[in-house]
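J.: Quick note: the sequence shown uses the numbering used here, first residue 1, plus one each step.
Sharing a structure below in structure tokens format, with a few things to ask.
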Amino acid sequence: MEYFRSGLKSVLGTTTPGNQPTDAEIVERLFSRVSTSTLLEDRRDACRAIKALSKKNRLEVGAQGLDILRQVLELDRSDCEIVGYCLDTLCNITSKETFEEENENLNRQINVGEQFTEMFLKNPENVTLILGFMEEYDFRVRWPAVRLMTSLVASKPKDVQDIILVSPMGVSKLMDLLLENREVIRNDALLLLINLTKSNANMQKIVAFENAFDRLFDIIRGEGWTDGGIVVEDGLLLMLNLLRNNNSNINFFQEGSYLQRIAPMFELPPNLEEIGWTPQKVSNFLCVLQLVRTVVSPNNSAQIITACQKTLRNTNLLEALCNILMANGVPADILTETINTVGEVIRGNLTNQEYFTNVLAPSNPPRPAIVVLLMSMVNEKQPFTLRCAVLYCFECFLFKNEIGQELVVQTLLPSNTAASNLSMGQILCSGLFSKDHLSNWFSAVALSHCLIENPAQKEQLLRVLLATSLGSQPVSLLHQCAVYLQHTSKLQAKLGVLMLLAQWMSHSSEAVKIFLNVPGSMAYLTAQTSASEFDNNEELLQGLCAFLMGLCVLYNDNSVQNYSKENLSQLVEKRVGIDTYCKKLVEISRHEVYAKAAKQPQIKAKHSSELLLEFEFCKLLKSLEGVIIQALGVQRDLSNGMSELSLNEHENALLLQYKELIRDQDKKLQESQKTINNLQKSIQDLEAQIKELHETSTQLTDQNTLLKAQLAVNPSSKSSLETNEIPPPAPDVHLLEKIKKLEAENAEKDEELERVRKDQDDLLEVLTDQDLKLNSFKQRLRELGETVEDPDSDNNSENENES
Numbered sequence: 001m002e003y004f005r006s007g008l009k010s011v012l013g014t015t016t017p018g019n020q021p022t023d024a025e026i027v028e029r030l031f032s033r034v035s036t037s038t039l040l041e042d043r044r045d046a047c048r049a050i051k052a053l054s055k056k057n058r059l060e061v062g063a064q065g066l067d068i069l070r071q072v073l074e075l076d077r078s079d080c081e082i083v084g085y086c087l088d089t090l091c092n093i094t095s096k097e098t099f100e101e102e103n104e105n106l107n108r109q110i111n112v113g114e115q116f117t118e119m120f121l122k123n124p125e126n127v128t129l130i131l132g133f134m135e136e137y138d139f140r141v142r143w144p145a146v147r148l149m150t151s152l153v154a155s156k157p158k159d160v161q162d163i164i165l166v167s168p169m170g171v172s173k174l175m176d177l178l179l180e181n182r183e184v185i186r187n188d189a190l191l192l193l194i195n196l197t198k199s200n201a202n203m204q205k206i207v208a209f210e211n212a213f214d215r216l217f218d219i220i221r222g223e224g225w226t227d228g229g230i231v232v233e234d235g236l237l238l239m240l241n242l243l244r245n246n247n248s249n250i251n252f253f254q255e256g257s258y259l260q261r262i263a264p265m266f267e268l269p270p271n272l273e274e275i276g277w278t279p280q281k282v283s284n285f286l287c288v289l290q291l292v293r294t295v296v297s298p299n300n301s302a303q304i305i306t307a308c309q310k311t312l313r314n315t316n317l318l319e320a321l322c323n324i325l326m327a328n329g330v331p332a333d334i335l336t337e338t339i340n341t342v343g344e345v346i347r348g349n350l351t352n353q354e355y356f357t358n359v360l361a362p363s364n365p366p367r368p369a370i371v372v373l374l375m376s377m378v379n380e381k382q383p384f385t386l387r388c389a390v391l392y393c394f395e396c397f398l399f400k401n402e403i404g405q406e407l408v409v410q411t412l413l414p415s416n417t418a419a420s421n422l423s424m425g426q427i428l429c430s431g432l433f434s435k436d437h438l439s440n441w442f443s444a445v446a447l448s449h450c451l452i453e454n455p456a457q458k459e460q461l462l463r464v465l466l467a468t469s470l471g472s473q474p475v476s477l478l479h480q481c482a483v484y485l486q487h488t489s490k491l492q493a494k495l496g497v498l499m500l501l502a503q504w505m506s507h508s509s510e511a512v513k514i515f516l517n518v519p520g521s522m523a524y525l526t527a528q529t530s531a532s533e534f535d536n537n538e539e540l541l542q543g544l545c546a547f548l549m550g551l552c553v554l555y556n557d558n559s560v561q562n563y564s565k566e567n568l569s570q571l572v573e574k575r576v577g578i579d580t581y582c583k584k585l586v587e588i589s590r591h592e593v594y595a596k597a598a599k600q601p602q603i604k605a606k607h608s609s610e611l612l613l614e615f616e617f618c619k620l621l622k623s624l625e626g627v628i629i630q631a632l633g634v635q636r637d638l639s640n641g642m643s644e645l646s647l648n649e650h651e652n653a654l655l656l657q658y659k660e661l662i663r664d665q666d667k668k669l670q671e672s673q674k675t676i677n678n679l680q681k682s683i684q685d686l687e688a689q690i691k692e693l694h695e696t697s698t699q700l701t702d703q704n705t706l707l708k709a710q711l712a713v714n715p716s717s718k719s720s721l722e723t724n725e726i727p728p729p730a731p732d733v734h735l736l737e738k739i740k741k742l743e744a745e746n747a748e749k750d751e752e753l754e755r756v757r758k759d760q761d762d763l764l765e766v767l768t769d770q771d772l773k774l775n776s777f778k779q780r781l782r783e784l785g786e787t788v789e790d791p792d793s794d795n796n797s798e799n800e801n802e803s
């Protein structure tokens, strides 16, 4: 501190004890010295002192010296020490963080760092200047240049991205930092690139083709793979940024054989259970799993997914994932994410699905891994996220896998061979009717995936018989589901069973027939669909019941007495009402739960109460919703047997009245549409005005920031600074009456001048016309032999005589 004081004295000169300068005055004098001093040493000392003040007084430093600091960077760029001071100062004043030394309330009020960042970026050459300093090898320049760029990206990422993309060799200069042997610079460069590649596909592609993957793998290998520190995590996060939602980079990653280079990260030591997992290793391993999931994500193109799945199988990475799945001592979050990863690696790939079928758990006796996972899914003591992951993995196993679907259903059918172990089908059936409502939902959804686009298994599952009690006659699985639906009071269980029945009964008239024969089934659906009061997501239950009623009409073969298509249509029309029914059916797809479930196949829920609808059911509903409404409308017309010709006079008059009403409403609708168009045009005009005002506001904000810093120099203006306002000057009334009298006089003079000009133009036209006529008459007289005197020639003769 004493050194700092002596430095200030050398720069500012001595001051009397009773007249200590304020911080604003010190900053002003320092910048004056920087801009006026001819000695480099003086400028360097002043910049050192400014850097020391830039945290506590960054409002004053930024407001007074932003342009001066940039000027120093340009003129004194050969001196690494003064450049380093200026870069550090700029880094401090543009930082989003609040320093301990500064006024925290002021920073929170006006966002000093973001304001100065915006002002600094208004000149794109500033970013180009900083990129140039990144090529300087001197540590005093290169490191603060990286930190300054990181600070700029943190506040205004989109602006910096756009500038760097058009800057010559801008990305190349950043990528060279990954080869830096000084770890502090390299690690900060990693953080900079992570922020710079977010949500910008063009930046991601350029960085990827600048050998980013090679350099990142070199860094990760040097740090010890997943056993390394946070630098490994940063490198993996940058890879994720480059690959996520970017098919071009994923294709490049797969074709460049980078997937194979992930293999060392999945190698687990034999004594892992004794060593344990450090928190950093858990974070690193989760990033690796996310990396694998990114390249086989269902959101990617089918071609890329198939190629990546094949590579993961051929390089034994699928085997490594399954080994982790069955290993002991694996943390719950790692196990959960591994289950999700295995699911997406095998999803829709028959070869990988067959491999997973043969994976055995290290138990005595050995059991299939799928069975062990399903046992965890129906176990209410297991973590909720783990149970969701198992369901997603099981769905991926059955996706486009008719062999797997048949395998599950076959375990439920009567067999001559006695099975000593639990099968997949038995686990699902026990979970379907257990006391745990989550197990009901999980098992119902899992069973429904055995039936998707597989009519043969729908028929086979109808053969499954259950013994409800000792000595009672066994009933079919579908019959028991319909009975369970009527008696359970748990909403999740009801929704799960309804989704199972919907998948089962769609495109299956035999399943519809069995359901209609269950006593009370249609009465239950009718009561739920016609209910008018609901809360706590009961509208979903009523909508699904309406959907199931529609399936009973749509796939009805008229083989059940009293429940033909015509009878069910009349039941819907009379007991529920067509309008009410359509409203209940359409309400499902408008619900926020539907919107969330229909986004992606994986179930993502933070709490068990969020498990209501499922992805494949949403697809089924979307495909059949309109068909059901149309079928009900057709059935109603057929049952009425009416046409416009068969109506009596009164009914025809009523029909004409309705037609007239429709025409009137149509006319009003067109007028409303015109009004809407006019309003939209007005809105566009207002948006343009708002944009213009926003730009003006931005300029005023910058000016206000500078003015507040200048006002800080004068203590008498403290009240204006606190209120964050600068009072406008009062208008002079006499003066105003005088930018008005002058204006009126000017207008009169302009009108008079215009009249004179018009008269001159008219007179000129008359004179020109007379001159032409006079010349014509003179020429005519000459032709008739008359002598005509020319005034111009007389004047010329007189001039010659005089000369």
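Cβ coordinates follow ideal geometry from the N, Cα and C atoms, glycine included.
To the nearest angstrom, how far is the alpha carbon of Ile662 from that of Ser569?
T.: When rounded, the distance between both Cα atoms is 27 Å.
J.: Does the segment 82-89 come close enough to the segment 37-54 to have 3 or more Cβ pairs within less than 8 Å?
T.: A contact exists between the segment 82-89 and the segment 37-54.
J.: Drop a sphere of 10 angstroms on the beta-carbon of Ser489, count the other beta-carbons inside from all chains shown, and report buried for 16 or more, exposed for fewer.
T.: Exposed: under 16 other Cβ atoms inside 10 Å.
J.: With a floor of 3 residues, list each beta strand (DSSP E) that falls wholly inside the segment 381-438, ordered by position along the chain.
T.: DSSP runs (the beta strand (DSSP E)) wholly in the segment 381-438: none.
J.: So, helix, strand or coil for Ala531, using DSSP?
T.: Coil, per DSSP.
J.: From Ile230 to Leu129, what distance separates their C-alpha atoms?
T.: In a straight line, the C-alpha of Ile230 is about 31 Å away from that of Leu129.
J.: Assign Pro270 to buried or exposed, taking buried as 16 or more other Cβ atoms, counted over all protein chains shown, within 10 Å of its Cβ.
T.: So Pro270 counts as exposed.
J.: Quick check: the segment 112-122 against the segment 88-96, are there 3 or more CB pairs under 8 Å?
T.: Touching, yes.
J.: Between the alpha carbons of Glu783 and Ser776, how many angstroms are there, rounded?
T.: When rounded, the distance between both Cα atoms is 11 Å.
J.: Is Ala361 helix, strand or coil when you go by DSSP?
T.: Correct three-state label for Ala361: strand.
J.: Can you give the beta carbon distance from Asn352 to Ile346, rounded, assuming they're within the 8 Å contact cut?
T.: Confirmed, about 4 Å.
J.: With a CB to CB cut of under 6 Å and the five nearest residues on each side skipped, what residues in its chain are close to Phe133?
T.: So the qualifying residues of the chain are Val141 and Ala145.
J.: Select from Glu660, Val475, Ala189 and Leu66 the residue whose C-alpha is nearest the C-alpha of Ile219.
T.: When each option's Cα is compared against that of Ile219, the closest is Ala189.
J.: Taking all protein chains shown into account, decide if Thr696 is buried (16 or more other Cβ within 10 angstroms of its Cβ) or exposed.
T.: Exposed: under 16 other Cβ atoms inside 10 Å.
J.: Since Ile250 and Leu243 are thought to touch, with beta carbons under 8 Å apart, how far apart are those beta carbons, to the nearest angstrom?
T.: With a Cβ gap of about 5 Å, Ile250 and Leu243 count as contacting.
J.: Using CA atoms only, rank isn't needed, just tell me which of Phe252, Ile275, Ser37 and Leu69 is closest to Ala821.
T.: There is no way to answer for residue 821, as the model of the chain reaches only from 1 to 803.
J.: Name the one or two DSSP bridge partners that Val475 has.
T.: Val475 pairs with Leu466.
J.: What's the gap between the Cα of Phe397 and the Cα of Pro365?
T.: Taking the straight line joining both Cα atoms gives about 23 Å.
J.: Just how far apart, CA to CA, sit Ala302 and Leu632?
T.: Their backbone Cα atoms lie some 38 Å apart in a straight line.
J.: If you draw a straight line from the alpha carbon of Glu354 to that of Arg186, how long is it in whole angstroms?
T.: Computed Cα separation, rounded: 44 Å.
J.: In three-state DSSP terms, what is Pro368?
T.: If DSSP states are grouped into helix, strand and coil, Pro368 belongs with the strands.
J.: With DSSP run on the structure shown, which of helix, strand or coil describes Gln20?
T.: Gln20 falls in the coil class under three-state DSSP.
J.: Which same chain residues end up closer than 7 Å to Glu587 when comparing Cβ atoms and leaving out the 5 residues on each side of it in sequence?
T.: Here the set comprises Glu539 and Gly543.
J.: Could you tell me the alpha carbon to alpha carbon distance between Gln254 and Ala208, rounded to whole angstroms?
T.: Whole-angstrom Cα-Cα distance: 12 Å.
J.: Would Ser415 be called buried (16 or more neighbouring beta carbons within 10 Å of its own) or exposed?
T.: So Ser415 counts as exposed.
J.: Could you name the residues of the same chain whose beta carbon sits closer than 8 Å to that of Ile628, not counting the 5 residues immediately before and after it, in chain order?
T.: Answer for Ile628: Phe547, Gly550, Leu551, Val553, Leu554 and Leu585, listed in chain order.
J.: Helix, strand or coil for Asn817, going by three-state DSSP, please let me know.
T.: No information on residue 817 is available, as it lies outside the stretch 1 to 803 that the chain covers here.
J.: Taking three-plus beta-carbon pairs below 8 Å as touching, is the segment 453-464 in contact with the segment 432-441?
T.: Contact fails: fewer than three Cβ-Cβ distances are below 8 Å.
J.: Rounded to the nearest angstrom, what separates Leu428 and Thr311 at their Cα positions?
T.: Between Leu428 and Thr311, the C-alpha separation is close to 33 Å.
J.: How far does the alpha helix (DSSP H) with Trp504 in it extend, from its first residue to its last?
T.: Leu491 to Met505 is the extent of the alpha helix (DSSP H) around Trp504.
J.: Determine, using beta carbons only, whether Leu259 and Val295 come nearer to each other than 8 Å.
T.: It is a contact, given that the beta carbons lie within the stated cut-off.
J.: For Asn126, count the other beta carbons within 10 Å of its own beta carbon; 16 or more makes it buried, fewer makes it exposed. Which is it?
T.: It counts as buried.
J.: Secondary structure at Leu784, three-state DSSP: helix, strand or coil?
T.: Coil, per DSSP.
J.: Report yes if the CB atom of Glu273 is closer than 8 Å to the CB atom of Asn328, and no otherwise.
T.: It is a contact, given that the beta carbons lie within the stated cut-off.
J.: Less than 8 Å between the CB atoms is what I'm expecting for Met377 and Val390, so what's the real figure, rounded?
T.: Indeed they touch by this definition, with Cβ atoms about 4 Å apart.
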